[in-house]
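There are 2 protein chains.
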Amino acid sequence: MSKYRSNTVEDFAEIFKALSNSHRLTIYRRLSSCCAPGSGCGSEADMRRCVGDLGRDLGIAPSTLSHHIKELRRVGLIRVERRGQRMECWIDPDVLDALTGFLSRSAVD
Amino acid sequence: MSKYRSNTVEDFAEIFKALSNSHRLTIYRRLSSCCAPGSGCGSEADMRRCVGDLGRDLGIAPSTLSHHIKELRRVGLIRVERRGQRMECWIDPDVLDALTGFLSRSAVD
DNA sequence: TCGATATTTCGACATACTTCGAATTATACT
DNA sequence: AGTATAATTCGAAGTATGTCGAAATATCGA
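Those protein sequences? They're chains A and B, same order as listed.
1 is the number of the first residue of the first sequence in my numbering; add one for each residue after it.
1001 is the number of the first residue of the second sequence in my numbering; add one for each residue after it.
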């Protein structure tokens, strides 16, 4: 039931670019230790983490953190939703699947 | 018998950066339609492609192509060896495995 | 309503990246 | 030796990225 479909090589290049910064990659991995909503491998609270938590101990300014979150969101790797004061983030598993599929699949071109 | 071992998040970020340019990603995918040497899924000739072939129809200057090949090589994604006038390239399957493993594995941190 | 907490937006700056053309190196062929 | 082909190195130019601080927005609690 993968609803995600990325079309071009450019799309995937953008996704890789989002993971090409060590701060963003760390953020993404911290999220990937949680589960996707609806995947039933943890409580709701375990699936999501707020922006502040994700950037803890990274040594970057809040504005920089926000910029990185925005970038991960832009390419579709993560989803974000407000919950009170916090912005809760979680991984879009479809995009991750598309990415690993893209890597292992042989090029047509 | 995976002899490749990447240590840090920074290493993986570098690998993703190498794939974050659509020209380099296209080059890499053209190579991944071949097989690794020793994997026995094709003749020797099928496993490798020279720099000029990999950059065909990409619309970039030879010097730019060379720069991209160098970058893919630097992070370990591909291997290069001279064969006469040509430089033959092929994929390092260990690094690709490490990459997909890294993506699916949960973060410890 | 006022202050605290969480996050974003904006503008600025330094650094890194992509690309090119010109010149250079390596190999093959005649 | 001389020429052609394949690829690299170098320097330059424009663009993109990562980062910050200051100011703004959103929500919660007293």
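Every residue gets a Cβ at the ideal spot worked out from N, C-alpha and C, and that includes glycine.
Closest Cα partner of Ser33 of chain A within the set A:Leu99, A:Cys89 and A:Leu103: Locating residue 33 of chain A in the first sequence gives position 33, counting from the first residue. Nearest option by C-alpha distance: A:Cys89.
Is it a yes or a no for the region 20 to 32 of chain A touching the region 46 to 54 of chain A, going by three-plus beta-carbon pairs under 8 Å? yes
Give a yes or no on whether the minimum CB-CB distance between Ser2 of chain A and chain B is below 8 Å. For the purposes of this step, residue 2 of chain A is taken as the residue at position 2 of the first sequence. With a pLDDT of 49 at Ser2 of chain A, under the threshold of 50, the modelled position of this residue cannot be trusted; read the value that follows with caution. So no, Ser2 of chain A is outside the interface.
First through last residue of the beta strand (DSSP E) which encompasses Arg83 of chain A: Locating residue 83 of chain A in the first sequence gives position 83, counting from the first residue. From DSSP, the beta strand (DSSP E) with Arg83 of chain A extends over Ile78 to Arg83.
Can you look up Gly1091 of chain B in the DSSP assignment and give me helix, strand or coil? As a first step, residue 1091 of chain B must be located in the second sequence, where it is residue number 91. According to the sequence as given, residue 1091 of chain B is Ile; it is not Gly. Correct three-state label for Ile1091 of chain B: strand.
Would Leu154 of chain A and Ile60 of chain A qualify as a contact pair, given that the criterion is a beta-carbon distance under 8 Å? The first residue shown for chain A is 1 and the last is 109, placing residue 154 of chain A beyond what the model contains.
To the nearest angstrom, how far is the alpha carbon of Lys17 of chain A from that of Arg48 of chain A? Sequence index remark: in the first sequence, residue 17 of chain A carries index 17 (1-based). Sequence index remark: in the first sequence, residue 48 of chain A carries index 48 (1-based). For Lys17 of chain A and Arg48 of chain A, the gap between their C-alpha atoms comes out near 23 Å.
Could you work out which residue in A:Thr8, A:His23 and A:Leu96 is closest to Leu58 of chain A when comparing CA atoms only? Here residue 58 of chain A refers to the residue found at position 58 when the first sequence is read from its first residue. Nearest of A:Thr8, A:His23 and A:Leu96 to Leu58 of chain A, Cα basis: A:His23.
Residues near Ile1069 of chain B in its chain [Cβ-Cβ closer than 6 Å; skip 5 each side]: By 1-based counting over the second sequence, the position of residue 1069 of chain B is 69. So the qualifying residues of the chain are Val1051.
Considering only their Cβ atoms, is the gap separating Glu14 of chain A from Val75 of chain A smaller than 8 Å? By one-based count along the first sequence, residue 75 of chain A stands at place 75. By one-based count along the first sequence, residue 14 of chain A stands at place 14. Their beta carbons are under 8 Å apart, which means Val75 of chain A touches Glu14 of chain A by this criterion.
Taking 8 Å as the cut-off, decide whether the C-beta atoms of Leu103 of chain A and Leu1096 of chain B are in contact. Here residue 103 of chain A refers to the residue found at position 103 of the first sequence. Here residue 1096 of chain B refers to the residue found at position 96 of the second sequence. Taking 8 Å as the Cβ cut-off, Leu103 of chain A and Leu1096 of chain B qualify as a contacting pair.
Looking at the structure shown, is Arg1049 of chain B part of a helix, part of a strand, or coil, going by DSSP? Indexing the second sequence from 1 puts residue 1049 of chain B at position 49. In the structure shown, Arg1049 of chain B sits in a strand (DSSP, three-state: E or B).
Quick test of your reading: Thr100 of chain A and Thr1100 of chain B, contact by CB under 8 Å. State the CB separation rounded to the nearest angstrom. As a working mapping, residue 100 of chain A is identified with position 100 in the first sequence. As a working mapping, residue 1100 of chain B is identified with position 100 in the second sequence. 5 Å between Cβ atoms; contact.
Backbone CA spacing between His67 of chain A and Asn1021 of chain B [nearest angstrom]: For the purposes of this step, residue 67 of chain A is taken as the residue at position 67 of the first sequence. For the purposes of this step, residue 1021 of chain B is taken as the residue at position 21 of the second sequence. Our two residues, His67 of chain A and Asn1021 of chain B, have alpha carbons roughly 21 Å apart in a direct line.
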